[in-house]
Amino acid sequence: MISGSFWMAIIIFAIIVVIALFTYYRLKIRRRAGEDAFAKGLLASIEGDFDEAIKNLKQAAMVNTQNVMAYILLGDILRYTGQVAKAMQIHLSLLGRTDLSRNTKVRVYKSLALDSQKKGDLKKAAEYLLNALEIKPEKWSYDMLIDIYEKLGEWEKAAEILRKAGAKDKERMISFYYAELAGSYLENGDIEKAKEYAKLALSFWDKCPPALLIMGELNFQDGDYKSAIDYWTEFIKNNPGKALPVAERIETAFYEMGEFDKVREHYQKLIDKNPELEPIRIKLALIDEKRGDVDEAFKVVSSAPKQSENIAIFKAYFSAINQGCAEIANELLPIIKSRLNPTYQCQNCGFKTQKLLWRCPKCGAWESFLP
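And the structure:
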């Protein structure tokens, strides 16, 4: 005969099984609900319905606290919708967890970098990116860190990171960074540092435009006008579209040497070697006009291999003078003056300036300015 205690044990066991099964299926349902909410949150974010995305991702995170990605994405969307403080709070809370994988921790640091950037704290953003790169070197983190250092004007740090990143054509960009540093020192009156970094820039790329200009300026200030002319001439050969303001500096250097009469010969040699140097051709023609030889000025612009709009305007101007049409010549004079003082426009964002710039102060694009 089976005792009462045996049946009691069976009943207790059955109750435990029922409770276990109930708990299991409840957790399974909750997990499934969490997964469904996460999927709905992702879909809503893709569709641009951020309120719905936030609601579902919050639910997914509450149902399954181990779903770290739900927290990360929730913070990212909050940042995107302008709720930066909440985004940072969520992302920072994740750093205290001990169960994060290396890849997940990198992802959190990247989100914190974006939070800090949105907040306007670029230095903190750089710190988070350095943390991410210590764990896992990635192109995305390198690129963002370089961009931040550019915005901060931390040119030496930008060059260092670019070296580590192993970017394509890095020597060219590094030369620009050192040239920017040289320019800063020149503005602050530190001539030795300016020269050191301008030379360093040219050691990475011997045609670096701002470095050539700076070396020309430094030599001019030292009274070495010939070297200044050499640097500026090298600049013109490689940057014909930006030659006009630099040609003015060359003329000043010849004047300081007491050899202004040699400017015409210098320009003639340049266009003999490169007939398409339109700005120098125009400067040469203007010298002939000042000498009273308008016929020669007309010949100089007429012999240009490319009959551009600029050339056509100067031809019309010299022709009007030759034919005694003072009224037409005077009407053309304001146009002539504007062509001699070009405005440079960023081809990326449209920003305009009359200065020779290599990085757009508005959009950050490099080598984007054309006259």
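If you read the sequence shown in the working numbering, its first letter stands for residue 20, the second for the next number, and so on. Idealized CB from N, CA, C, for every residue including glycine.
Put residue i into one of helix, strand or coil per three-state DSSP.
{"i": "L389", "result": "strand"}
{"i": "Q108", "result": "helix"}
{"i": "Q364", "result": "strand"}
{"i": "S327", "result": "coil"}
{"i": "Q240", "result": "helix"}
{"i": "K214", "result": "helix"}
{"i": "T252", "result": "helix"}
{"i": "P380", "result": "coil"}
{"i": "S222", "result": "helix"}
{"i": "S322", "result": "coil"}
{"i": "E398", "result": "Because the chain in this structure spans residues 20 to 390, residue 398 falls outside the shown range and cannot be described."}
{"i": "N341", "result": "helix"}
{"i": "R300", "result": "helix"}
{"i": "K187", "result": "coil"}
{"i": "N86", "result": "coil"}
Can you give me the Cβ contacts of residue i inside the same chain, cut-off strictly under 7 Å, excluding the 5 residues immediately before and after it?
{"i": "L200", "result": "W174, E175 and Y216"}
{"i": "Y361", "result": "Going by the sequence as given, residue 361 is Pro instead of Tyr. Closer than 7 Å at Cβ, skipping near neighbours: L263 and P390."}
{"i": "N124", "result": "In the sequence under discussion, the amino acid at residue 124 is Lys, which differs from the Asn named in the question. Here the set comprises I154."}
{"i": "Y336", "result": "A348, L351 and I355"}
{"i": "L114", "result": "V127"}
{"i": "I299", "result": "I255, A262, A266, Y286, L289 and I290"}
{"i": "S387", "result": "C365, Q366, N367 and C379"}
{"i": "A177", "result": "I165, Y168, E169 and Y196"}
{"i": "K302", "result": "A266 and Y286"}
Between which two residues does the alpha helix (DSSP H) carrying residue i extend?
{"i": "Q373", "result": "Element bounds for Q373: n/a, residue is neither H nor E."}
{"i": "E275", "result": "A262 to E275"}
{"i": "R391", "result": "The question about residue 391 has no answer, for the chain in this structure spans 20 to 390."}
{"i": "A184", "result": "W174 to A184"}
{"i": "E71", "result": "F69 to V82"}
{"i": "R310", "result": "Premise fails: R310 is in no alpha helix (DSSP H) and is neither H nor E."}
Please return the same chain residues whose Cβ sits closer than 6 Å to the Cβ of residue i, not counting the five positions on each side in sequence.
{"i": "I306", "result": "R283"}
{"i": "V320", "result": "A304, I330, F333 and K334"}
{"i": "M234", "result": "A217 and Y250"}
{"i": "A323", "result": "R300 and I330"}
{"i": "R198", "result": "It should be noted that the sequence gives Ala, not Arg, for residue 198. The answer, listed in chain order, is A220, C227, P229 and A230."}
Near residue i, what residues of its chain come up, given a Cβ to Cβ distance below 8 Å and the 5 sequence neighbours on each side ignored?
{"i": "Q342", "result": "none"}
{"i": "L171", "result": "L141, K142 and A145"}
{"i": "D314", "result": "N341"}
With a cut-off of 8 Å, do at least 3 Cβ pairs link the segment 185-193 to the segment 205-215? Because the criterion of three Cβ pairs below 8 Å is not met, the segment 185-193 and the segment 205-215 do not touch.
What runs of the alpha helix (DSSP H), each 4 residues or longer, lie entirely inside the segment 109-167? Look at the segment 109-167 and you find these whole runs of alpha helix (DSSP H), each 4 residues long or longer: 121-138 and 141-154.
Within the chosen definition, does the segment 145-164 reach the segment 118-134 through at least 3 CB pairs nearer than 8 Å? A contact exists between the segment 145-164 and the segment 118-134.
Evaluate contact between the segment 131-141 and the segment 95-108, counting only Cβ atoms and requiring at least three cross-stretch pairs below 8 Å. Segment contact: the segment 131-141 against the segment 95-108, three or more CB-CB distances shorter than 8 Å; contact assigned.
Below 8 Å, how does it come out for the segment 267-275 and the segment 242-253: are there three or more Cβ pairs, yes or no? They touch, by the three-pair rule.
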